[in-house]
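S.K.: Line by line, the protein sequences give chains L and G.
So the numbering used here is basically just the index in the first sequence, starting at one, shifted up by 105.
So the numbering used here is basically just the index in the second sequence, starting at one, shifted up by 105.
Backbone N, C-alpha and C define an ideal beta-carbon position, used for all residues, glycine too.
2 protein chains.
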Amino acid sequence: MRYSCGSVEEDASGGSSMQAYDDFLDRVRDIHRIGALQGHLGWDQEVLMPPKGGAARSEMMAWLAGQRHQRLTDPAMGTLLDELEQTSLEVDAQANVREIRRAYTKACCLPSAFVEAFAKARSEALVAWQQAREASDFSMFQSTLEHLIEMTRQKISYYGVTTTPYDVLLDEYEVGMTVADYDPLFSGLRERLVPLLERITLAQERDNPLVLPDELRFPVNKQEAFCESVSKNMGFDFDAGRMDASTHPFSAGLWPGDTRFTTRFDETDPFSCLYAVMHETGHALYEQGLDHEHRFTPRGEAVSLGVHESQSRFWENQIGRTEAFWTVALPWFKEQFPASPDWDAATLNRIANRVEKGFIRVEADEVTYNLHVMLRYEIEKKLFNGDLAVADLPTAWNTMYESWFGMKVPEDRLGCLQDIHWSMGAFGYFPTYTLGNLYASQLLEAMRTDLGDIDALVASGDWTPMLNWLRPRIHQRGSQVTPAELIEDATGHPPSPDPFLNYVEKKYSALYNLD
Amino acid sequence: MRYSCGSVEEDASGGSSMQAYDDFLDRVRDIHRIGALQGHLGWDQEVLMPPKGGAARSEMMAWLAGQRHQRLTDPAMGTLLDELEQTSLEVDAQANVREIRRAYTKACCLPSAFVEAFAKARSEALVAWQQAREASDFSMFQSTLEHLIEMTRQKISYYGVTTTPYDVLLDEYEVGMTVADYDPLFSGLRERLVPLLERITLAQERDNPLVLPDELRFPVNKQEAFCESVSKNMGFDFDAGRMDASTHPFSAGLWPGDTRFTTRFDETDPFSCLYAVMHETGHALYEQGLDHEHRFTPRGEAVSLGVHESQSRFWENQIGRTEAFWTVALPWFKEQFPASPDWDAATLNRIANRVEKGFIRVEADEVTYNLHVMLRYEIEKKLFNGDLAVADLPTAWNTMYESWFGMKVPEDRLGCLQDIHWSMGAFGYFPTYTLGNLYASQLLEAMRTDLGDIDALVASGDWTPMLNWLRPRIHQRGSQVTPAELIEDATGHPPSPDPFLNYVEKKYSALYNLD
Numbered sequence: 106m107r108y109s110c111g112s113v114e115e116d117a118s119g120g121s122s123m124q125a126y127d128d129f130l131d132r133v134r135d136i137h138r139i140g141a142l143q144g145h146l147g148w149d150q151e152v153l154m155p156p157k158g159g160a161a162r163s164e165m166m167a168w169l170a171g172q173r174h175q176r177l178t179d180p181a182m183g184t185l186l187d188e189l190e191q192t193s194l195e196v197d198a199q200a201n202v203r204e205i206r207r208a209y210t211k212a213c214c215l216p217s218a219f220v221e222a223f224a225k226a227r228s229e230a231l232v233a234w235q236q237a238r239e240a241s242d243f244s245m246f247q248s249t250l251e252h253l254i255e256m257t258r259q260k261i262s263y264y265g266v267t268t269t270p271y272d273v274l275l276d277e278y279e280v281g282m283t284v285a286d287y288d289p290l291f292s293g294l295r296e297r298l299v300p301l302l303e304r305i306t307l308a309q310e311r312d313n314p315l316v317l318p319d320e321l322r323f324p325v326n327k328q329e330a331f332c333e334s335v336s337k338n339m340g341f342d343f344d345a346g347r348m349d350a351s352t353h354p355f356s357a358g359l360w361p362g363d364t365r366f367t368t369r370f371d372e373t374d375p376f377s378c379l380y381a382v383m384h385e386t387g388h389a390l391y392e393q394g395l396d397h398e399h400r401f402t403p404r405g406e407a408v409s410l411g412v413h414e415s416q417s418r419f420w421e422n423q424i425g426r427t428e429a430f431w432t433v434a435l436p437w438f439k440e441q442f443p444a445s446p447d448w449d450a451a452t453l454n455r456i457a458n459r460v461e462k463g464f465i466r467v468e469a470d471e472v473t474y475n476l477h478v479m480l481r482y483e484i485e486k487k488l489f490n491g492d493l494a495v496a497d498l499p500t501a502w503n504t505m506y507e508s509w510f511g512m513k514v515p516e517d518r519l520g521c522l523q524d525i526h527w528s529m530g531a532f533g534y535f536p537t538y539t540l541g542n543l544y545a546s547q548l549l550e551a552m553r554t555d556l557g558d559i560d561a562l563v564a565s566g567d568w569t570p571m572l573n574w575l576r577p578r579i580h581q582r583g584s585q586v587t588p589a590e591l592i593e594d595a596t597g598h599p600p601s602p603d604p605f606l607n608y609v610e611k612k613y614s615a616l617y618n619l620d
Numbered sequence: 106m107r108y109s110c111g112s113v114e115e116d117a118s119g120g121s122s123m124q125a126y127d128d129f130l131d132r133v134r135d136i137h138r139i140g141a142l143q144g145h146l147g148w149d150q151e152v153l154m155p156p157k158g159g160a161a162r163s164e165m166m167a168w169l170a171g172q173r174h175q176r177l178t179d180p181a182m183g184t185l186l187d188e189l190e191q192t193s194l195e196v197d198a199q200a201n202v203r204e205i206r207r208a209y210t211k212a213c214c215l216p217s218a219f220v221e222a223f224a225k226a227r228s229e230a231l232v233a234w235q236q237a238r239e240a241s242d243f244s245m246f247q248s249t250l251e252h253l254i255e256m257t258r259q260k261i262s263y264y265g266v267t268t269t270p271y272d273v274l275l276d277e278y279e280v281g282m283t284v285a286d287y288d289p290l291f292s293g294l295r296e297r298l299v300p301l302l303e304r305i306t307l308a309q310e311r312d313n314p315l316v317l318p319d320e321l322r323f324p325v326n327k328q329e330a331f332c333e334s335v336s337k338n339m340g341f342d343f344d345a346g347r348m349d350a351s352t353h354p355f356s357a358g359l360w361p362g363d364t365r366f367t368t369r370f371d372e373t374d375p376f377s378c379l380y381a382v383m384h385e386t387g388h389a390l391y392e393q394g395l396d397h398e399h400r401f402t403p404r405g406e407a408v409s410l411g412v413h414e415s416q417s418r419f420w421e422n423q424i425g426r427t428e429a430f431w432t433v434a435l436p437w438f439k440e441q442f443p444a445s446p447d448w449d450a451a452t453l454n455r456i457a458n459r460v461e462k463g464f465i466r467v468e469a470d471e472v473t474y475n476l477h478v479m480l481r482y483e484i485e486k487k488l489f490n491g492d493l494a495v496a497d498l499p500t501a502w503n504t505m506y507e508s509w510f511g512m513k514v515p516e517d518r519l520g521c522l523q524d525i526h527w528s529m530g531a532f533g534y535f536p537t538y539t540l541g542n543l544y545a546s547q548l549l550e551a552m553r554t555d556l557g558d559i560d561a562l563v564a565s566g567d568w569t570p571m572l573n574w575l576r577p578r579i580h581q582r583g584s585q586v587t588p589a590e591l592i593e594d595a596t597g598h599p600p601s602p603d604p605f606l607n608y609v610e611k612k613y614s615a616l617y618n619l620d
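1) Measure the C-alpha to C-alpha separation of residue 378 of chain L and residue 580 of chain L and round it to an integer number of angstroms.
2) Considering only residues of the same chain and omitting the five flanking positions on each side of residue 56 of chain L, which have a CB-CB separation below 6 Å?
3) Taking the beta carbon of residue 115 of chain L as the centre, do at least 16 other beta carbons fall within 10 Å, making it buried, or is it exposed?
4) Quick one: what's got a C-beta closer than 8 Å to residue 511 of chain L's C-beta in the same chain, skipping five residues either side?
5) Along chain G, which residues have their Cβ under 9 Å away from the Cβ of residue 168 of chain L?
6) If contact means a Cβ-Cβ distance below 9 Å, which residues of the segment 344-355 of chain L contact chain G?
7) Quick one: is residue 464 of chain G buried, meaning 16 or more other Cβ sit within 10 Å of its Cβ, or exposed?
8) Within 8 Å, do at least three Cβ pairs link the segment 242-259 of chain L to the segment 192-199 of chain L?
9) Determine the burial state of residue 475 of chain L: buried for a count of at least 16 other Cβ atoms within 10 Å of its Cβ, exposed for fewer.
10) With a 10 Å radius around its C-beta and 16 neighbouring C-beta atoms as the bar for buried, classify residue 150 of chain L as buried or exposed.
11) Using DSSP with H/G/I as helix, E/B as strand and the rest coil, what is residue 589 of chain L?
12) Out of L:136, L:209, L:540, which one is the CA nearest neighbour of residue 412 of chain L?
13) Name the chain L residues that come within less than 8 Å of residue 363 of chain G, Cβ to Cβ?
14) Between the alpha carbons of residue 545 of chain L and residue 290 of chain L, how many angstroms are there, rounded?
15) Applying the 10 Å Cβ sphere with the 16-neighbour rule, what's the burial state of residue 174 of chain L?
16) Does the beta-carbon of residue 432 of chain G have 16 or more other beta-carbons within 10 angstroms, so that it is buried, or is it exposed?
17) Return the CA-CA distance between residue 549 of chain L and residue 447 of chain L, expressed in angstroms with no decimal places.
18) Using a 10 Å radius around the Cβ and a threshold of 16 neighbouring Cβ atoms, would you call residue 364 of chain L buried or exposed?
19) In the DSSP output, which residue or residues are listed as bridge partners for residue 356 of chain L?
20) Put residue 346 of chain L into one of helix, strand or coil per three-state DSSP.
21) When you compare only the Cα positions, how much space is there between residue 420 of chain L and residue 341 of chain L?
22) Provide the residue span of the alpha helix (DSSP H) that contains residue 574 of chain L, from first to last.
23) If you count every other CB in all the chains shown that lies within 10 Å of the CB of residue 108 of chain L, and 16 or more means buried, which is it?
24) Within the 8 Å Cβ cut-off, does residue 142 of chain G reach chain L?
25) Output the distance between the C-alpha atoms of residue 214 of chain G and residue 257 of chain G, rounded to the nearest integer angstrom.
26) Is the CB of residue 182 of chain L under 8 Å away from at least one CB in chain G?
27) Suppose you measure from the CA of residue 542 of chain L to the CA of residue 335 of chain L; what does that come to, to the nearest Å?
28) Any Cβ of chain L within less than 8 Å of the Cβ of residue 360 of chain G?
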């Protein structure tokens with residue numbers, strides 16, 4: 106349903122509330138357009154911006170944040186929300202009112218000057234983090250991070266929360282989730298993942314695992330061509346988007362018809378690029394599949410980070426790390442890398458699924474990945490509960506890592522400086538990655554019920570039935586309902602970790618011939 | 106001088122007018138920030154945007170144009186301007202008030218809906234032009250162009266002008282210039298350029314001119330490296346800017362620390378790329394040299410298109426098309442293109458200065474260039490004075506071209522579809538290119554008076570004295586004074602065509618051994 110003058114008569118509540126809703130929608134679209142500009146400049150900052158452009162960029166980001174805040178907290182917005190909440194609205198309109206009410210309520214707690222200063226601090230921190238990471242020296246980033254954490258605490262206190270500050274942050278990235286939800290979830294996962302990891306490690310030692318020969322080189326332009334084939338076959342429309350390179354792969358659903366993602370290239374390892382591309386294409390397919398009739402409103406935007414991550418994880422892992430996938434991708438791989446060993450699909454799949462106690466989260470396999478997330482979750486919880494000083498962060502990180510993974514972190518680049526998130530002030534973000542893993546497995550189960558043998562489908566090379574399954578159930582629905590409702594509507598069950606645990610245990614037992 | 110609270114006491118007019126000026130400046134900066142965003146999205150649209158991004162981009166451009174218009178025409182702006190015009194202000198503040206008054210007065214004539222519709226039409230027209238040019242078929246662009254011209258006429262009538270509509274457009278791109286100024290200027294140029302062209306043509310036929318051997322290839326990445334060396338030596342700071350590729354080379358001074366220009370690559374002709382790069386670097390040096398203390402105000406921005414073009418033309422022609430330049434560039438050229446014939450600097454310079462009655466303006470030499478501009482000027486004059494229908498444009502173009510150049514235009518791509526300007530609604534823009542040529546020669550003369558033998562300076566390889574001469578006289582002054590005043594301050598003489606005509610006659614007489 107479109108909200109135009111033509112639909113006035115269809116609405117039982119009459120012309121006046123439709124007028125209010127139209128006014129509301131005009132304001133919402135302006136706010137979201139500013140958000141889209143922030144997204145565009147953010148994309149540009151990571152992909153293209155020259156080093157000396159940082160100062161003016163920070164200033165511009167601060168200004169946009171201020172403009173957005175000013176419009177969101179306009180008293181007229183409060184009046185409209187009050188009126189619309191008393192009105193009978195259809196489901197899409199309800200969603201917009203619900204989402205904007207939440208944003209409005211929080212924004213009204215924050216002074217404009219604070220919002221601008223925080224945006225500026227974040228944009229500047231990105232540069233400081235890049236330099237510290239380059240030098241692999243946390244001390245170069247420490248004061249910046251302290252400042253961001255201090256500002257984040259300030260934000261929480263503006264919200265009037267004094268007892269459980271970290272919950273505020275968790276809720277910010279996945280509405281409704283708190284420490285009380287995550288703590289048992291994570292400990293449940295650890296209980297089954299850690300023993301699984303031990304069994305796989307033993308099996309790998311026994312089986313002499315496959316690794317890439319050191320001397321092999323995979324040229325960047327060939328990797329690009331190979332990954333484009335995969336991305337296209339997943340359904341990414343390159344006429345409505347781009348693939349570029351950046352240090353930290355990410356995707357940005359700028360606006361209708363223009364969705365961009367990035368990857369990175371390592372000439373010694375084409376798998377790194379491939380799975381970054383499958384991951385980011387998963388995100389990008391969600392953005393391309395949103396209902397553009399509702400553009401620049403919550404209804405036309407992705408519902409949550411957790412659901413977003415389910416889309417990237419689904420394609421990267423559930424589809425991409427299977428022998429069925431490699432059956433299809435093998436000829437593309439051979440076309441681009443004719444000099445590589447004569448691997449078959451099963452071998453490539455084993456390489457792609459090698460479990461390793463590595464240092465880097467984004468390169469982690471499906472078994473260890475959630476342990477990396479938990480580590481960050483525990484660190485953030487301590488930081489915001491006052492149990493950890495920023496100066497002690499590297500030690501805390503390295504100690505926890507060693508106790509879980511049994512290895513010493515040799516340098517900050519491979520430890521607490523590896524992720525971009527904290528430099529963006531994104532505290533409480535990481536746990537949504539685990540939610541994404543759980544949702545992805547749950548979606549796979551439901552998809553199997555509807556479409557039958559997914560391995561056979563993947564191996565057929567025509568992946569459109571899977572995309573067509575996701576489109577109406579996830580992508581096109583935008584923020585029509587809450588994340589948990591969306592998952593339940595799509596799968597018939599409320600969110601649960603069981604499908605993931607069953608999936609991962611079954612998959613790796615088969616791969617490693619575990620008893 | 107900076108406009109901060111600290112400078113209140115320095116101002117004789119006291120605190121209240123400083124308060125008014127600060128308020129004014131806040132508003133001006135907001136308006137210019139929106140302009141900077143338009144510039145950024147415009148750059149992106151030409152360099153990166155995927156095809157299907159056009160619709161949402163047009164919508165966003167229209168929205169930004171509307172936002173900018175709304176702020177510029179805010180009645181409070183009128184009140185502030187009235188007050189500040191009664192106040193004693195120092196010269197930089199005066200410049201800002203003068204420039205914003207002109208923009209305000211014009212903007213107030215235009216309804217918001219018109220401004221947004223016009224911005225949308227322009228952004229859409231860009232796509233239509235690209236397709237028509239690709240197909241080399243003017244009929245595909247005709248109705249779009251008719252629509253833009255109709256909207257432009259509408260704009261002129263909103264301004265309340267009924268008699269000389271084209272003057273309004275000319276003034277829009279170079280303040281103070283009208284048909285009454287350009288007509289005698291152009292006929293004066295034609296009087297001396299056409300006979301010069303005939304003499305050169307005869308001399309070339311006699312001398313068996315140098316051309317590039319057809320079979321030579323100059324790889325794109327080598328051209329890129331060669332051109333970067335030249336651009337760097339001119340003084341472009343690659344840490345504060347970028348060079349990219351686009352169909353139509355252009356430069357965009359996005360904001361402090363981030364100035365971008367583009368070029369294009371033709372594997373058979375490295376000169377095309379080189380002179381595009383020198384031209385655009387000239388523009389970009391102006392942008393990098395602006396006084397960033399005054400960013401996002403007219404005082405901190407380039408004064409006019411004519412002066413901007415003087416900077417690009419100065420480097421492209423006065424410096425780049427000399428034997429002295431090639432003495433310096435020869436080793437860079439040989440490093441990148443070791444397989445090219447063993448040309449010396451004199452030979453490369455003769456290739457670079459070959460005069461040709463070509464079809465394409467941007468590839469034209471210094472003798473024919475202004476004839477290309479005049480042709481567009483005459484066409485525009487007829488279009489807006491009602492003497493030419495859009496449907497008849499190709500015929501009018503081709504007829505005039507044949508009568509001046511003695512050749513038939515074989516297809517629209519090489520004729521009336523070659524330039525991007527009309528698709529951007531930029532009618533009245535072309536004549537500023539000729540002003541740029543005139544100013545550039547005048548600046549060269551003045552520079553020679555101050556710095557002595559310019560050829561020797563160029564040949565020395567250290568070009569910083571020239572950039573340092575331009576910085577305080579042109580770049581750093583922004584819009585402090587009018588274009589004509591700026592040229593007069595810098596050169597000691599009001600703008601005049603004589604230095605250009607003397608320069609071009611002397612240069613080509615020597616190159617072609619004319620009597």
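M.R.: Based on what the coordinates show:
1) 25 Å
2) Given that chain L is displayed from residue 106 to residue 620, the structure contains no residue 56 of chain L and the question cannot be resolved.
3) Since pLDDT at residue 115 of chain L reaches only 39, below the 50 mark, its modelled position is unreliable, and the value read off the structure follows with that caveat. Exposed, by the Cβ-count rule.
4) 462
5) 134, 135, 138
6) 344, 345, 346, 347, 349
7) buried
8) no
9) buried
10) buried
11) helix
12) L:540
13) 154, 155, 157, 158, 161, 162
14) 16 Å
15) buried
16) buried
17) 31 Å
18) buried
19) L:366
20) strand
21) 12 Å
22) 569-578
23) Low per-residue confidence applies at residue 108 of chain L: pLDDT is 27, beneath 50, and the placement is therefore not dependable enough to give any value.
24) yes
25) 13 Å
26) no
27) 21 Å
28) yes
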